[in-house]
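Heads up, the thing below is written out as structure tokens.
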Amino acid sequence: QMCGAAADVEAAEGTAATATAPAEPEAARPTRPPRVLSGVQPTGTLTLGNYLGAIKQWVDLQNDPDNTSDSLFCVVDLHAITAPHDPKALAQQTRQAAAVYLAAGLDPEKVTIFVQSHVRAHSELAWLLTCATPMGWMNRMIQFKEKSQKLGEDVSLGLYSYPVLMAADILLYQTDLVPVGSDQTQHIELTRDVARRFNQQYAKKMKKITKKSRVFREPKAMIVKEGARVMSLLDGTSKMSKSAENDNSRINLLDPPNVIRNKFKRCKTDSFVGMEWDNPERPECTNLLTIYSAVTGKSKEEVMEECKDMNWGTFKPLVADAVIAHLEPIQTRYEEIMAQPEYLDSVLAAGAAKANEIAERTLKDAYAAMGYLARPEAE
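Residue numbering for the sequence shown follows the working numbering, starting at 103 and increasing by one per position.
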């Protein structure tokens, strides 16, 4: 889930692959490094799925010696209100999500970390693009149909149109690559369609006035690497979700060791003998093997050699201990960061300033292409 995106970017998801700029005509190739953008919603407590599917992979990308990207990672709080939320908790949840980014290893000296609502251009561009996007495109979006069934009469217009906000998130920064899971590719295709339509409908027509035939760069998806999709502990066919009613379905990043052990102890299993990967009749087995591989760094082959003859009574405590060991330093660092509110505020302020500088240039071009009277220059 990007942009996490967002949107449900319940897990705006990432990748450890090296970022390379998408191919463009020779004359249009950027002189800057390829830009990567992603984010996660701050509603609820971030889960192991959010971490392994997105945040950990952002950290891996940041630390890849071959990576040359300019990366921006935001807490997508505007997306957090598309469904009923607790206004008393939103600000604190936003700070907690940002603290998790830092605790997991994102370095503000190497990447830009900011809060989506701290850059007002997100909301402004979303409105411009809403007016330039056909309703028929929104009617095809799968996630609205799925989520609206759960919310019933509480479904909001924002939930219907949030893919346009996600497009604005991405296009504001002239993003080249967006880390997403396979279930989020529809959002990237919509973003490309919106960018292409806007460029044709407005930018090219106004070229003589604005001197620009393109306002937005068309991004490409950076598909999440295999094994990063984490499923529910109670249903191996459903993604681990921080909004699921039953807390036992997920591992929260801040769960203490005893809670983690109990959740794995109670997780759904099967009656098969031994452990095996990718058996469609054993989604829960595949899920726990995936988690174990991700938190230990062991390959699929190494995990199978170690675990193939284990029973559930042996395997589940092994996974629990591995998860606890992996999360312990993150939890410790998180507590340190939350105890330093001035540091966290300074990181978010610096990130917002850098993000705003990029976003305002794009927003100005979008307004000009649509024919708006230019704003007076600030004194």
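Backbone N, C-alpha and C fix where the C-beta goes; we use that ideal spot for every residue, glycine too. As the structure is a prediction and not an experimental result, all values here were calculated from the model.
Might you give, ordered along the chain, the residues of its own chain that have their beta carbon closer than 7 Å to the beta carbon of residue i, omitting 5 neighbours on each side?
{"i": "I272", "result": "C105, L139, V280, T293, P321"}
{"i": "F246", "result": "L261, Y262"}
{"i": "A182", "result": "Q143, P144, T145, L192"}
{"i": "W414", "result": "T371"}
{"i": "R384", "result": "D372, F374, E378"}
{"i": "N196", "result": "Position check: residue 196 holds Thr in this sequence, whereas Asn was assumed. Taken in chain order, the residues that qualify are P144, V177, D179, V217."}
In angstroms, rounded to a whole number, what distance separates the CA positions of residue i and residue j?
{"i": "T214", "j": "I362", "result": "32 Å"}
{"i": "C176", "j": "R463", "result": "18 Å"}
{"i": "A129", "j": "L204", "result": "For A129, the predicted model reports a pLDDT of 43, less than 50, meaning its position is unreliable and no value from the coordinates is stated."}
{"i": "Y275", "j": "H220", "result": "15 Å"}
{"i": "I460", "j": "W229", "result": "18 Å"}
{"i": "L465", "j": "T312", "result": "13 Å"}
{"i": "G399", "j": "D372", "result": "25 Å"}
{"i": "D411", "j": "G151", "result": "26 Å"}
{"i": "T434", "j": "G376", "result": "35 Å"}
{"i": "M334", "j": "L259", "result": "The sequence given here has Ser at residue 334, not Met. Answer to the nearest angstrom: the Cα atoms are 28 Å apart."}
{"i": "L475", "j": "L227", "result": "16 Å"}
{"i": "L356", "j": "P136", "result": "33 Å"}
{"i": "G207", "j": "S351", "result": "26 Å"}
{"i": "S448", "j": "D179", "result": "18 Å"}
{"i": "T170", "j": "K367", "result": "42 Å"}
{"i": "Y469", "j": "S315", "result": "14 Å"}
{"i": "A455", "j": "T133", "result": "22 Å"}
{"i": "K418", "j": "F374", "result": "14 Å"}
{"i": "K212", "j": "K158", "result": "15 Å"}
{"i": "E408", "j": "M237", "result": "52 Å"}
{"i": "L300", "j": "T277", "result": "The sequence given here places Phe at residue 300; Leu does not occur at that position. So the two alpha carbons sit approximately 16 Å from each other."}
{"i": "G141", "j": "L429", "result": "20 Å"}
{"i": "K341", "j": "D166", "result": "27 Å"}
{"i": "S345", "j": "D168", "result": "36 Å"}
{"i": "E481", "j": "N389", "result": "Caution is warranted here: a pLDDT of 46 is assigned to E481, below 50, making its placement in the model unreliable, and the coordinate value is therefore given only provisionally. Approximately 57 Å between the Cα atoms of the pair."}
{"i": "T232", "j": "D172", "result": "28 Å"}
{"i": "D256", "j": "T416", "result": "44 Å"}
Near residue i, which residues of its chain fall below 6 Å by C-beta distance, leaving aside the five closest residues on each side in sequence?
{"i": "P265", "result": "M243, H289, L292"}
{"i": "P359", "result": "I426"}
{"i": "K370", "result": "L336, E386"}
{"i": "A297", "result": "L273, F318, E320"}
{"i": "M458", "result": "Note that residue 458 is Asn in the sequence shown, not Met. So the list reads V221, once near-sequence residues are dropped."}
{"i": "A113", "result": "For A113, the predicted model reports a pLDDT of 37, less than 50, meaning its position is unreliable and no value from the coordinates is stated."}
{"i": "T287", "result": "A323"}
Please state the DSSP three-state secondary structure of residue i.
{"i": "I215", "result": "strand"}
{"i": "L172", "result": "For the record, residue 172 in the displayed sequence is Asp; it is not Leu. The answer is strand: DSSP assigns D172 an E or B state."}
{"i": "T196", "result": "helix"}
{"i": "R137", "result": "strand"}
{"i": "V202", "result": "helix"}
{"i": "V361", "result": "helix"}
{"i": "V178", "result": "coil"}
{"i": "V142", "result": "strand"}
{"i": "T63", "result": "Since the first residue of the chain shown is 103 and the last is 481, residue 63 is not available in this structure."}
Going by C-alpha distance, which of the options is nearest residue i?
{"i": "A422", "options": "L391, R298, W379", "result": "L391"}
{"i": "Y304", "options": "D357, D349, A234, S345", "result": "A234"}
{"i": "V405", "options": "N301, A206, Y394, K418", "result": "Y394"}
{"i": "P210", "options": "A270, Q195, Q164", "result": "Q164"}
{"i": "L174", "options": "S340, W160, K310, T149", "result": "W160"}
{"i": "A156", "options": "V202, W379, G453", "result": "V202"}
{"i": "T147", "options": "A441, N364, T416, N354", "result": "N354"}
{"i": "N381", "options": "V257, E347, T339, L420", "result": "T339"}
{"i": "A223", "options": "E403, N348, Y436, A270", "result": "A270"}
{"i": "A441", "options": "P189, P186, K190, Q198", "result": "Q198"}
{"i": "A471", "options": "E437, K309, E403, P443", "result": "K309"}
For residue i, decide whether its Cβ has a neighbour in chain C, counting only Cβ atoms nearer than 8 Å.
{"i": "P478", "result": "Although the question refers to chain C, the structure presented lacks it and comprises just one protein chain."}
Keeping to the same chain, check which residues put their C-beta closer than 8 Å to that of residue i; ignore five residues upstream and five downstream.
{"i": "L450", "result": "A200, I215, F216, V217, H220"}
{"i": "P478", "result": "none"}
{"i": "S401", "result": "S395"}
{"i": "T445", "result": "Residue identity differs from the one stated: residue 445 is Tyr in this sequence, not Thr. Closer than 8 Å at Cβ, skipping near neighbours: I439."}
{"i": "S488", "result": "For residue 488 there is no data in the structure shown, the boundaries of the chain being 103 and 481."}
Exercise. May I have a chain-ordered list of the alpha helix (DSSP H) segments no shorter than 4 residues that lie completely inside the stretch 372-414?
Key: 385-398, 402-409
Self-check item: Runs of beta strand (DSSP E) wholly within the stretch 305-347 (minimum 3 residues, chain order)
Solution: 322-325
Quiz item: What beta strand (DSSP E) runs, 3 residues minimum, are completely inside the stretch 230-305?
Solution: Inside the stretch 230-305, DSSP marks whole beta strand (DSSP E) runs of 3 or more residues at positions 279-282, from first to last along the chain.
Quiz prompt | Whole runs of the alpha helix (DSSP H) within the stretch 409-450, excluding any shorter than 4 residues | solution = 414-440
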